[in-house]
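If you read the sequences in order, they're chains A and B. Positions in the first sequence are counted from 1; adding 20 to them yields this note's numbering. Positions in the second sequence are counted from 1; adding 20 to them yields this note's numbering. C-beta atoms are modelled at their ideal positions from N, C-alpha and C, and glycine is treated no differently. These numbers were taken from a predicted model, which means no experiment stands behind them. Read the structure below first, then the notes.
Number of protein chains: 2
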Amino acid sequence: MKYTKATNYALHTMVYLAAAPVEKAVGVRTMAELQGLSPTFLSKILTKLVKAGLIESSPGVNGGYKLSRSKEDISFLDIINAIEGSGSLFMCSLEHQDCLIQGVMVDAEQAMEKYLMGRTIAELADQLNRQASIRKEALKNDF
Amino acid sequence: MKYTKATNYALHTMVYLAAAPVEKAVGVRTMAELQGLSPTFLSKILTKLVKAGLIESSPGVNGGYKLSRSKEDISFLDIINAIEGSGSLFMCSLEHQDCLIQGVMVDAEQAMEKYLMGRTIAELADQLNRQASIRKEALKNDF
DNA sequence: GCGTGATTACTCGGATACAAGATGTCCGAGTTTGAGCGG
DNA sequence: CCGCTCAAACTCGGACATCTTGTATCCGAGTAATCACGC
Numbered sequence: 021m022k023y024t025k026a027t028n029y030a031l032h033t034m035v036y037l038a039a040a041p042v043e044k045a046v047g048v049r050t051m052a053e054l055q056g057l058s059p060t061f062l063s064k065i066l067t068k069l070v071k072a073g074l075i076e077s078s079p080g081v082n083g084g085y086k087l088s089r090s091k092e093d094i095s096f097l098d099i100i101n102a103i104e105g106s107g108s109l110f111m112c113s114l115e116h117q118d119c120l121i122q123g124v125m126v127d128a129e130q131a132m133e134k135y136l137m138g139r140t141i142a143e144l145a146d147q148l149n150r151q152a153s154i155r156k157e158a159l160k161n162d163f
Numbered sequence: 021m022k023y024t025k026a027t028n029y030a031l032h033t034m035v036y037l038a039a040a041p042v043e044k045a046v047g048v049r050t051m052a053e054l055q056g057l058s059p060t061f062l063s064k065i066l067t068k069l070v071k072a073g074l075i076e077s078s079p080g081v082n083g084g085y086k087l088s089r090s091k092e093d094i095s096f097l098d099i100i101n102a103i104e105g106s107g108s109l110f111m112c113s114l115e116h117q118d119c120l121i122q123g124v125m126v127d128a129e130q131a132m133e134k135y136l137m138g139r140t141i142a143e144l145a146d147q148l149n150r151q152a153s154i155r156k157e158a159l160k161n162d163f
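In structure tokens:
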């Protein structure tokens, strides 16, 4: 029961996209090098984010990825669900109707999801940009 | 990112122990059959619960397991931490100090843990016993 | 100068390889209770 | 009737075996911009 690395990569990628200038799409290679992982693997993650409708891709030269909607409208939960799936974390394997334990666990999950739903990548992206501009350095040092 | 089956077994076992009469220890075989899994595997789970101080074991004939403290004092979080470990669910693998994403994720976890800390197995055990006594049937049918 | 084709820089998806962790089994060892047996 | 031994019913722990899933790579295909070339 740990979050996968893919989720980690996805979150960092999304925050980076949210902090980057809006107009231009950014390629896989760039983001992969920034996080120190192979472009092909990050590509798999990005396609999941595309299918979830969080980002959109443009093929060809100067292609790449960019957010498909406003960064204020993208929550942590959106990203996590895109990667990990939206199913319940706990599944009672016994055959009995209305498992009480299952009920408790679902409620607990929802407490976490409620929190994650309220946090957007915009908050973090803005904060990163502020820090970078204060220090007059490139974004990547903080990222 | 799913809870393991071991956690499922552990929770059911603990609720069962909480619902059972206090005085007598109950053996692995009994609880394993109830959940339809092998005694040897459940044994592994039980030793984790013992090491976490939630239950205690008595070897020998008529031995078995019983709660080591009051069922009102055992929360869901206690059990889950005993099985899954108490480390953070999310771990940023990048090398940068003070990862903002990590911060958000930890807060989210704590929201869930706070809920799980507040729910005890006593609630469920009592509810199960009430249901069983109303229907004048054995506990195991609901379990 | 203009169209056409080749090249380049990208994304996309399937197939595959590898590692780690979850799941489960087997076996030998220790511990307590109780039964059996001999004195 | 007492005490000893032995068997049975338990837990305990290590060493495996297996299966799933996460992690990652490779390769071929598609697509769009740009460059080169010939008319």
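Between phenylalanine 110 (chain A) and methionine 125 (chain A), the beta carbon gap of about 4 Å places them in contact (Cβ cut-off 8 Å). Of A:Gly83, A:Leu87, A:Val70, A:Thr24, the smallest CA-CA separation from valine 35 (chain A) is found for A:Leu87.
Met21, Lys22, Tyr23, Thr24, Lys25, Thr27, Asn28, Leu31, His32, Val35, Gln55: these are the residues of the stretch 21 to 55 of chain A whose beta carbon lies less than 8 Å from some beta carbon of chain B, given in chain order. Using a CB distance cut-off of 8 Å, phenylalanine 110 (chain A) counts as an interface residue toward chain B.
When Cβ pairs closer than 8 Å are counted between the two stretches, the stretch 28 to 45 of chain B is seen to touch the stretch 97 to 104 of chain B, the count reaching three or more.
Secondary structure at glutamate 76 (chain A): strand, using DSSP grouped into helix, strand and coil. For tyrosine 85 (chain B), there is no enclosing alpha helix (DSSP H); the residue is found in the beta strand (DSSP E) stretching over 84 to 87. For the stretch 95 to 139 of chain A, the continuous alpha helix (DSSP H) assignments of 4+ residues that do not extend past its boundaries occur at 96 to 104, 120 to 138, in sequence order. Setting aside the 5 residues that flank it on each side, alanine 40 (chain A) is surrounded in the same chain by Val46, each with a C-beta closer than 7 Å to its C-beta; the list follows chain order. Of the residues assessed, threonine 24 (chain B) falls on the exposed side of the cut-off, its CB having fewer than 16 other CB atoms within 10 angstroms. In this chain, the alpha helix (DSSP H) harbouring serine 63 (chain B) covers 59 to 71. Under the three-state reduction of DSSP, valine 48 (chain A) is assigned to helix. At least 8 Å separates the beta-carbon of alanine 152 (chain A) from that of alanine 38 (chain A).
Around the C-beta of aspartate 127 (chain A), fewer than 16 other C-beta atoms lie within 10 Å, and the residue is accordingly described as exposed. Straight through space, the alpha carbons of lysine 91 (chain A) and isoleucine 99 (chain B) are spaced by roughly 38 Å.
Residue contact with chain A for leucine 74 (chain B): absent (no Cβ-Cβ distance below 8 Å to any residue of chain A). At a cut-off of 8 Å between beta-carbon atoms, phenylalanine 96 (chain B) makes contact with chain A. The continuous alpha helix (DSSP H) containing alanine 30 (chain A) extends over residues 25 to 39. If you draw a straight line from the Cα of leucine 57 (chain A) to the Cα of glycine 73 (chain A), it comes to about 23 Å. Taking a beta-carbon distance threshold of 8 Å, arginine 150 (chain A) does not count as an interface residue toward chain B. When C-alpha distances from histidine 116 (chain B) are compared across A:Gln55, A:Val48, A:Met21, the shortest belongs to A:Gln55.
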